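For the sequence shown, position 91 matches number 91 in the UniProt record's numbering, and the numbering has no gaps at all.
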Amino acid sequence: MSDAVRVYTTAAFAPLASEIKRFGALLWDEALSLFGEELVTHALRRKVCTVRDTPVGKVLYLLHQGRRLVGVTGSFTPTDAALMDDVCLRQAALKLEEAGFDLDLRSRKQSVIYTDGDRKVLVLARHAGYSFAALRRLYHALIETGEYSEIHLYSYLDPEALGKLARTLYEPVTSKPLDPQRLQLHRLDPPGMEAAATQITD
1 MSDAVRVYTT
11 AAFAPLASEI
21 KRFGALLWDE
31 ALSLFGEELV
41 THALRRKVCT
51 VRDTPVGKVL
61 YLLHQGRRLV
71 GVTGSFTPTD
81 AALMDDVCLR
91 QAALKLEEAG
101 FDLDLRSRKQ
111 SVIYTDGDRK
121 VLVLARHAGY
131 SFAALRRLYH
141 ALIETGEYSE
151 IHLYSYLDPE
161 ALGKLARTLY
171 EPVTSKPLDP
181 QRLQLHRLDP
191 PGMEAAATQI
201 TD
């Protein structure tokens with residue numbers, strides 16, 4: 001007797017779609033671990049989501065059917081860079097959740113906010129890092145105005161590149177140095193490597 005074919009209702013894909021929606025992307029291996037290969041495969045067939053190969057691995061993102069399932073209207077096709085940024089932010093956020101922080105994912109797009117005592121911290125992630133000019137603008141707009149106590153920036157930059165950025169921010173030749181406690185740089189190992197984050201403060 002052949003094995004029975006399982007039929008999935010649309011609602012069965014809601015947890016997967018919601019998990020992808022949290023940060024905009026979900027690594028293939030993580031999706032399989034959380035939801036199982038059978039459900040993920042059926043979600044692809046039903047066009048709830050699709051998968052794309054990127055430099056950080058296979059990444060799932062929502063298609064129109066999946067976006068409707070979680071209450072998002074319209075269609076959207078992210079770039080590879082945007083997907084990698086989403087994966088990087090998710091990686092940083094999961095570390096914070098594991099550390100016990102209660103995260104706000106709704107107040108500001110493509111970012112995470114949390115409080116630690118009397119400190120209000122904004123977490124941003126960009127897989128390829130940030131430009132010096134962009135970080136100075138962020139510092140002025142969000143730190144010097146008092147909107148946030150600290151900004152923590154996560155990336156996949158290698159140690160040499162991250163160290164160079166740190167020196168540019170904290171030890172500039174001509175401009176005013178930024179406070180390394182209030183604008184912190186963190187390095188994440190890209191997916192597939194042993195997870196680790198190193199804070200650069202000097």
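Virtual Cβ for every residue (Gly too), placed ideally from N, Cα, C. Note that this is a predicted model, so its numbers are computed, not measured.
Just the C-alpha distance for residue i and residue j, rounded to the nearest angstrom, thanks.
i      : j      : result
Asp53  : Met84  : 10 Å
Pro191 : Leu32  : 15 Å
Pro177 : Thr73  : 43 Å
Gln91  : Ala12  : 25 Å
Tyr170 : Leu135 : 11 Å
Leaving aside the five residues before and after residue i along the sequence, list all residues of the same chain whose C-beta is less than 8 Å from its C-beta, in chain order.
i      : result
Ala14  : Leu69 and Val70
Pro78  : Gly24, Ala25, Tyr61 and Asp86
Leu157 : Ala128, Gly129, Leu165 and Arg187
Ala81  : His127 and Ala128
According to DSSP, residue i sits in a beta bridge with which residue or residues?
i      : result
His152 : Val123 and Gln184
Leu62  : Cys49
Specify, as a first and last residue, the run of the beta strand (DSSP E) that residue i falls within.
i      : result
Ile113 : Val112 to Asp116
Between which two residues does the alpha helix (DSSP H) containing residue i stretch?
i      : result
Tyr170 : Pro159 to Tyr170
Arg85  : Reading the sequence as shown, one finds Asp at residue 85 and not Arg. Element bounds for Asp85: Asp80 to Glu98.
Would you call residue i buried or exposed, if buried means 16 or more other Cβ atoms sit within 10 Å of its Cβ?
i           : result
residue 213 : For the chain, the structure presents residues 1 to 202; residue 213 sits outside this window and is missing.
Glu38       : exposed
Ala66       : According to the sequence displayed, residue 66 carries Gly and not Ala. Per the 10 Å Cβ criterion, buried.
Ser175      : exposed
Glu30       : buried
Ser155      : buried
Who are the near neighbours of residue i in its chain, counting only those whose CB is closer than 6 Å to its CB and skipping five residues on each side?
i      : result
Val56  : Met84, Val87, Pro190 and Pro191
His64  : Ser75
Ala161 : none
Leaving aside the five residues before and after residue i along the sequence, list all residues of the same chain whose C-beta is less than 7 Å from its C-beta, in chain order.
i      : result
Thr168 : Phe132
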